[in-house]
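Chains as they are written, first to last, in my numbering: chain A, 75 to 324; chain B, 80 to 407.
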């Protein structure tokens with residue numbers, strides 16, 4: 075079952091297309107990593123797909139009414155905004171916004187508890203969310219998106235700024251969500267973690283899709299050289315695909 | 080919840096206080112029987128209660144409530160604790176309308192000319208703001224448009240003062256600009272109540288969206304909130320509530336800025352919970368200040384807006400001091 079279908083999606087900034095005719099699908103059970111150098115159009119692709127940016131072409135999510143879309147896909151922006159010193163529990167409960175019709179009920183509280191447990195944040199429940207460290211705040215915001223309990227989760231660089239263990243734990247959470255039948259799409263810069271945890275990778279360059287497939291098909295030495303300007307060591311090991319950038323070409 | 084009940088009790092208490100305190104020496108018993116038409120009240124007492132003190136107390140409630148509520152809504156929407164209801168230029172434009180009514184003598188022609196002119200000023204400001212920052216503007220456009228409209232209204236107000244025919248006219252305008260609830264009638268209440276109540280009802284509906292905006296505009300939009308629709312509701316609601324409040328009471332400063340600050344911690348910083356709490360808090364602050372001007376200097380005609388700023392500014396300094404210590 076496809077949770078997201080894009081057909082020739084184009085997003086323009088002024089006249090210049092920052093996403094140029096990208097077609098792709100995300101199905102239930104997939105953890106799709108969106109790769110590409112800075113400015114490749116990863117964020118614009120996801121925001122266009124969600125209908126947050128004006129776009130041409132078709133996106134199955136953007137075609138939905140706002141509340142229906144909010145029940146179909148959760149969005150975790152790159153900017154980690156927490157405007158007011160609310161408690162962690164209150165912040166995570168904001169993920170229930172699309173489901174609320176009046177006051178939060180037992181189902182909403184249960185969803186918040188599940189999200190806190192998944193991110194290992196039970197002990198933080200009553201802490202002031204603005205007083206947490208950057209990494210803790212990032213985990214709280216991921217928990218907020220999880221509490222939305224949507225079939226699809228879209229995240230923009232969700233592991234940027236986390237310590238290595240927290241990065242791996244977060245990738246494991248996303249991979250487990252995919253195994254449980256959700257779909258996850260995340261823009262990532264860590265090629266090694268993307269290779270190990272994603273079920274599929276989509277590589278963008280200059281707004282166009284240049285590769286789409288299993289990690290070993292996408293993370294080839296040729297692709298890394300032409301798209302990222304890197305020469306890298308890529309090896310299939312007993313622990314899965316290992317990608318290590320070694321240097322910059324040219 | 081545990082904040083709203085004590086605040087509501089405080090407002091009831093201050094409302095009663097506002098009814099019972101005044102230069103006419105009436106005992107509480109006399110006051111109440113005159114107000115509710117019981118026996119034993121002279122015609123003068125009835126007049127004092129129903130035509131002087133009741134409208135004054137009702138206006139304190141309405142004006143304070145609308146200032147506190149729109150301050151909380153504005154801060155929540157802009158995610159900035161320094162925002163205040165006057166930010167979108169409505170206060171300044173309403174003041175300009177009132178000053179024009181005084182200058183042209185229209186205010187003498189009939190009693191409601193001044194508040195009606197002020198409402199017209201507020202409506203012009205809203206039109207301008209919607210034109211500049213309506214469906215497609217950003218939050219920053221809204222702030223900048225508000226600053227521009229405020230500056231323009233301020234300059235034109237200064238021009239009117241500058242061109243006033245004599246010092247007495249200028250003094251009258253200056254006093255009006257300071258804000259007061261003295262000598263208002265039930266007519267003022269009937270004029271101001273509908274827009275204030277409509278505006279407040281619109282602002283109270285923003286709670287869910289303001290909560291979602293805690294996570295930023297992008298995340299909120301992805302959760303089904305429509306920031307553009309919220310911005311228009313905020314502008315129209317604030318304009319109706321604050322425009323009408325300014326039209327009958329003048330510019331009363333600092334209430335919309337300080338009250339949400341004072342109550343934010345107590346409601347756990349949730350913008351939706353802050354809305355009703357700030358409405359009650361604003362009403363309490365204005366009612367208390369209006370009682371204070373009657374008690375401190377009954378003969379000197381101390382203006383309400385002067386007192387709220389006098390109390391509000393040090394309070395604000397104290398809050399900044401405290402938050403500075405929290406951060407250290």
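Each residue gets a CB set at the ideal place from its N, CA and C atoms; glycine is no exception.
Residue span of the alpha helix (DSSP H) that contains residue i, given as start and end
i: residue 258/B; result: Per DSSP, residue 258/B belongs to no alpha helix (DSSP H) and is neither H nor E.
i: residue 297/B; result: 296-301
i: residue 279/B; result: 265-283
i: residue 88/B; result: 83-99
i: residue 170/B; result: 169-183
i: residue 286/B; result: 286-292
i: residue 195/B; result: 192-212
Residue-chain proximity (residue i, chain B), Cβ-Cβ < 8 Å
i: residue 160/A; result: yes
i: residue 151/A; result: yes
i: residue 156/A; result: yes
i: residue 171/A; result: yes
i: residue 218/A; result: yes
i: residue 174/A; result: yes
i: residue 311/A; result: no
i: residue 168/A; result: yes
i: residue 79/A; result: no
i: residue 244/A; result: no
i: residue 164/A; result: yes
Beta carbon of residue i nearer than 8 Å to that of residue j
i: residue 194/B; j: residue 327/B; result: yes
i: residue 150/A; j: residue 203/A; result: no
i: residue 81/A; j: residue 129/A; result: no
i: residue 351/B; j: residue 286/B; result: yes
i: residue 413/B; j: residue 197/B; result: Examination of residue 413/B is not possible in this model, given that chain B is present from 80 through 407 alone.
i: residue 83/B; j: residue 363/B; result: no
i: residue 143/B; j: residue 361/B; result: yes
i: residue 321/B; j: residue 145/B; result: yes
i: residue 111/A; j: residue 145/A; result: no
i: residue 78/A; j: residue 135/A; result: yes
i: residue 211/A; j: residue 156/A; result: yes
i: residue 292/A; j: residue 275/A; result: yes
i: residue 303/B; j: residue 257/B; result: no
i: residue 390/B; j: residue 314/B; result: no
i: residue 292/B; j: residue 301/B; result: no
i: residue 139/B; j: residue 97/B; result: yes
i: residue 306/A; j: residue 319/A; result: yes
i: residue 101/B; j: residue 132/B; result: yes
Residue i: contacting residues in chain E (beta-carbon distance under 9 Å)
i: residue 85/B; result: Reference to chain E is not applicable here, since the protein chains of this structure are A and B.
Rounded Cβ spacing between residue i and residue j (contact assumed at less than 8 Å)
i: residue 152/B; j: residue 173/B; result: No, residue 152/B and residue 173/B are not in contact; Cβ-Cβ is about 18 Å, not under 8 Å.
i: residue 108/A; j: residue 278/A; result: 7 Å
i: residue 331/B; j: residue 365/B; result: 7 Å
i: residue 101/A; j: residue 314/A; result: With 8 Å as the limit, residue 101/A and residue 314/A do not qualify as a contact, their Cβ atoms being about 21 Å apart.
i: residue 186/A; j: residue 201/A; result: The Cβ separation is near 15 Å, so there is no contact.
i: residue 295/B; j: residue 153/A; result: 6 Å
i: residue 383/B; j: residue 368/B; result: 6 Å
i: residue 150/B; j: residue 338/B; result: 6 Å
Enclosing beta strand (DSSP E) for residue i [first to last residue]
i: residue 338/A; result: Because residue 338/A is not part of the residues shown, which for chain A are 75 to 324, the question remains open.
i: residue 262/A; result: That residue, residue 262/A, is in no beta strand (DSSP E); it is neither H nor E in DSSP.
i: residue 307/A; result: 304-311
i: residue 130/A; result: 130-133
i: residue 382/B; result: It is not in any beta strand (DSSP E) - residue 382/B carries neither H nor E in the DSSP assignment.
i: residue 150/A; result: 147-150
i: residue 285/A; result: 282-287
i: residue 180/A; result: Careful: residue 180/A lies outside any beta strand (DSSP E), inside the alpha helix (DSSP H) at 180-192.
i: residue 90/A; result: 90-101
i: residue 107/A; result: 105-109
i: residue 318/A; result: 314-322
i: residue 275/A; result: 274-279
Closer than 8 Å to chain A by CB, residue i
i: residue 362/B; result: no
i: residue 301/B; result: yes
i: residue 356/B; result: no
i: residue 158/B; result: yes
i: residue 347/B; result: yes
i: residue 326/B; result: no
i: residue 291/B; result: yes
i: residue 107/B; result: no
i: residue 350/B; result: yes
Worksheet item: Using a beta-carbon distance cut-off of less than 9 Å, what residues from the stretch 123-148 of chain A approach chain B?
Response: 124, 125, 126, 139, 140, 141, 142, 143, 144, 145, 147, 148
Worksheet item: Of the residues that make up the stretch 293-322 of chain B, which ones have a beta carbon closer than 9 Å to any beta carbon in chain A?
Response: 293, 294, 295, 296, 297, 298, 299, 300, 301, 302, 303, 304, 305
Worksheet entry | Contacting positions in the stretch 268-293 of chain B - beta carbon closer than 9 Å to chain A | 287, 288, 290, 291, 292, 293
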